[in-house]
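Once you know that position 345 of the sequence shown is 356 in our numbering, the rest is easy, because the numbers rise by one and skip nothing. In what follows, a structure is listed as structure tokens, so that the remarks can point back to it.
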Amino acid sequence: MSRIVEFEKAREPLPHSLPEIEPGIVNLPRMVDELPPEAKARFRRIFHVSQAVGHLDPPESMHPWIKGYFGSVDVVVAQRIVKITNMVTMEGALFNELRARRPMEARSPSDLVTEARTKTGDPFCHPESGTPEDIFGRVQGRYCITASNIAKYDGFHGLVIFREHDPLAFNEEQVVDYVTTARAWADEVMLQDPQSRYFFFMWNCLWKAAASIIHGHAQVTMTRDMHYARIEGWRRAALAYRRAHNSNYFDDLYAAHADLGLGFEANGVRVLAYLTPAKEREVFLIAPDLTDELKRALYHALACYRDRMGVLSFNVALYLPPLAPVPEDWSGFPAIFRLVDRGDPVNRTGDIGAMELYASNVIGTDPFYVIEQMRQAFRAG
Ligand SMILES: [Zn+2]
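What follows is the structure, encoded as structure tokens:
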């Protein structure tokens with residue numbers, strides 16, 4: 012099934028020199044302490060970091076298994092936990108040293124996944140006859156076509172159906188086209204209903220990410236009166252932050268990550284491995300607007316997931332300010348892609364439990380490892 016291939020560790024040196032501290036999530040409190048005063052203050056305006064150590068006493072009979080799985084008994088006996096809270100948005104994450112250092116499980120392509128990826132003949136393979144169209148018809152992209160979702164989340168809820176069946180077979184040109192077509196769909200909606208001004212783009216890949224149909228597709232919605240709750244929550248949080256600190260929240264959020272080596276800029280796009288992620292390997296891609304560079308960055312980040320980190324199932328979301336003027340203040344709110352790994356499709360255990368739904372996100376991947384993979388992928392272009 013799965014086997015140990017390597018330990019997840021970050022190796023990139025920090026932009027400023029912290030020679031004796033190895034970059035890693037369990038060293039975060041010390042790394043923050045070592046930041047220059049201004050950077051430290053900025054980090055602490057956004058994040059609260061707390062540490063704990065969990066102790067246990069395993070019987071001798073368990074030692075061989077523990078050594079085989081975690082490398083040593085010592086790391087299990089006393090486990091460091093880092094709790095991070097975003098004080099602006101009230102998102103939270105718990106990182107366990109042991110989970111963060113847990114060997115990466117190689118996701119060898121299972122028969123189940125391979126079969127799903129190659130078994131064509133579903134309705135999305137012939138969308139013109141297999142799916143309904145919107146009241147304005149369909150938007151044609153070069154590599155995709157839109158459809159109307161049959162059971163809607165909102166007044167306008169469409170699909171961007173990829174011409175390629177295999178949800179993991181995507182290249183740069185295709186990803187750019189998918190997002191461009193999605194955005195063109197939103198323009199068609201606004202001609203029908205000028206009150207629908209809040210656009211949302213999402214891409215669920217494979218069943219672990221809640222895709223009910225395997226065939227590659229993204230989804231689009233347009234909503235009225237107010238953006239979706241999470242996005243409106245961020246707008247309000249960013250506004251309160253600006254009022255309190257006279258500074259743009261998203262600029263400071265990026266800087267707080269970049270100061271620690273958790274963010275970099277490539278072609279006008281800010282890439283960061285988020286410290287309070289929704290789930291594993293969450294990455295933000297931030298640009299002033301939905302530029303072609305941002306769409307290309309989405310491809311590079313997803314290709315990094317697929318080709319470097321073995322991710323098979325993922326979610327993507329696009330946060331954008333409304334597409335037409337609205338009463339509330341969206342100034343300074345950028346375009347942001349959020350993407351997250353949803354785990355091995357053949358693992359029947361869900362990745363989200365009561366902790367994630369009701370308390371705080373429990374994360375097993377070190378953001379320092381994630382950003383290093385992204386840095387290499389973007390460098391390779
Ligand atoms: Zn298909």
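Note that CB positions come from ideal geometry on N, CA and C, so glycine has one too.
Taking C-alpha atoms, which residue in the options lies nearest to residue i?
| i | options | result |
| --- | --- | --- |
| M233 | M201, I242, N257 | M201 |
| L179 | V322, S342, F135 | V322 |
| E102 | F348, Y285, I347 | Y285 |
| A328 | F167, V190, P48, A255 | V190 |
| F403 | F54, E184, E45 | Coverage of the chain is limited to positions 12 through 392, which leaves residue 403 absent and any answer about it impossible. |
| L109 | V381, H256, V37, L273 | V37 |
| H228 | V86, V381, Y239, G152 | G152 |
| M98 | I92, H59, G392 | H59 |
| L123 | V381, N358, P336, I363 | N358 |
| I146 | S72, E184, D204 | D204 |
| P134 | H226, V280, H74 | H226 |
| D85 | V64, I95, L105, T96 | V64 |
| E175 | D188, R281, D362, Y154 | Y154 |
| D188 | A335, P338, D198, V171 | V171 |
Return the first residue and the last residue of the alpha helix (DSSP H) that residue i is part of.
| i | result |
| --- | --- |
| Y252 | 240–256 |
| G103 | G103 -> not in any alpha helix (DSSP H); beta strand (DSSP E) instead, spanning 102–107. |
| R128 | 122–129 |
| H74 | 74–81 |
Taking only the alpha-carbon atoms, compute the straight-line gap between residue i and residue j and give it to the nearest angstrom.
| i | j | result |
| --- | --- | --- |
| P356 | T129 | 15 Å |
| D303 | Y330 | 16 Å |
| A388 | P70 | 43 Å |
| D270 | A50 | 7 Å |
| I297 | G82 | 37 Å |
| I347 | Q230 | 16 Å |
| R390 | D263 | 24 Å |
| R14 | S371 | In this predicted model, R14 has a pLDDT of only 33, less than 50, meaning its place in the structure is not dependable enough to derive any value. |
| R194 | F181 | 19 Å |
| T287 | S140 | 43 Å |
| L217 | N257 | 42 Å |
| P48 | I224 | 51 Å |
| S221 | N326 | The sequence shown places Ala at residue 221, rather than the Ser named in the question. Rounded to whole angstroms, A221 to N326 spans 9 Å at the Cα level. |
Relative to ligand 1, is the shortest distance from any of its heavy atoms to the C-beta of residue i smaller than 7 Å?
| i | result |
| --- | --- |
| F348 | no |
| T131 | yes |
| C136 | yes |
| H226 | yes |
| H176 | yes |
Grab me the residues of residue i's own chain with a C-beta within less than 6 Å of its C-beta, minus the 5 sequence neighbours each way, in chain order.
| i | result |
| --- | --- |
| H137 | none |
| K219 | S324, R353, G354, P356 |
In its own chain, which residues sit with a C-beta less than 7 Å from the C-beta of residue i, not counting the 5 before and 5 after it?
| i | result |
| --- | --- |
| E144 | A158, S159 |
| D340 | L250 |
| T125 | none |
Could you spell out where the beta strand (DSSP E) holding residue i opens and where it closes?
| i | result |
| --- | --- |
| Q230 | 228–235 |
Ordered along the chain, which non-local residues of its own chain (more than five positions away) have a Cβ less than 8 Å from that of residue i?
| i | result |
| --- | --- |
| S207 | G166, F167, V200, M201, M233, T234, R235 |
| D318 | A388 |
| V186 | K306, R307, L309, Y310, L313 |
If you measure from the beta carbon of residue i to each beta carbon in chain C, is any gap under 8 Å?
| i | result |
| --- | --- |
| T302 | Although the question refers to chain C, the structure presented lacks it and comprises just one protein chain. |
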